[in-house]
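Enquirer: What the sequence shown shows, in this note's numbering, is residues 656 to 787, in sequence order. Where a beta carbon is used, it is the ideal one built from N, C-alpha and C, also for glycine. Bear in mind that the values here come from a model prediction, so they are computed numbers and not experimental data.
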Amino acid sequence: ILKHSLGEHPAPVAADSPFFRQWCERALGEGGDVTSKLFAIRAAGLLQDLQSADAAACLSGLLIGGEIASAKRRYGASEAPVVLVASGALATLYGAALGLAGLAFRTVDADEAVRAGLAEAARENGMIGGAS
């Protein structure tokens, strides 16, 4: 289904895509129920000539919005900002979606966090100098 809806190599999704925003808001508003919406994207490609890049934006918005809506439902509201551990385009997309959900967040670069964690593990195991 994905291959026929998005093509072999869909274009990267931009956070300011109206398709991303629309489908993200849809998922957020409907509490994260995304499975019933998946075929709507496929149908739009067949019946409304939705281009593969736009279908990719729809799918990204739907899945990311659904994930955030499900997390809000599961964990409830919090005054503390969400800590978004992500890098690159995903950080941008998740940041946009968190903003649409009305959630405060701060971003921790995932690549930097992994490097710092590996370095700390190496220090703790005596593999490099400076063990605590």
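#1: Three Cβ pairs or more, each shorter than 8 Å: is that satisfied between the segment 714-731 and the segment 668-676?
#2: Would Leu753 pass as a contact of Ala746 if the rule is Cβ separation under 8 Å?
#3: With respect to the beta strand (DSSP E) encompassing Val740, which residues constitute its N-terminal and C-terminal limits?
#4: Can you tell me whether Ser715 is buried or exposed? The criterion is at least 16 other CB atoms within 10 Å of its CB, across all chains shown.
#5: Which two residues bound the contiguous beta strand (DSSP E) that contains Val689?
#6: How is Val763 classed by DSSP in three states: helix, strand or coil?
#7: Do Lys727 and Ala682 have their beta-carbon atoms positioned less than 8 Å apart in this structure?
Expert: This is what the structure holds:
#1: At 8 Å Cβ cutoff, the stretches touch.
#2: The residue you call residue 753 lines up with position 98 of the sequence shown. The residue you call residue 746 lines up with position 91 of the sequence shown. No, they are not a contact pair.
#3: Sequence index remark: in the sequence shown, residue 740 carries index 85 (1-based). Note, Val740: beta strand (DSSP E), 737-741.
#4: Translated into positions along the sequence shown, residue 715 becomes position 60. Its Cβ being crowded by 16 or more others within 10 Å, Ser715 is buried.
#5: Looking up residue 689 in the sequence shown gives position 34. Counting along the chain, Val689 falls outside any beta strand (DSSP E), and DSSP gives it neither H nor E.
#6: As a working note, residue 763 is residue 108 in the sequence shown. Val763: strand per DSSP, three-state reduction.
#7: Numbered from its first residue, the sequence shown carries residue 682 at position 27. Numbered from its first residue, the sequence shown carries residue 727 at position 72. No.
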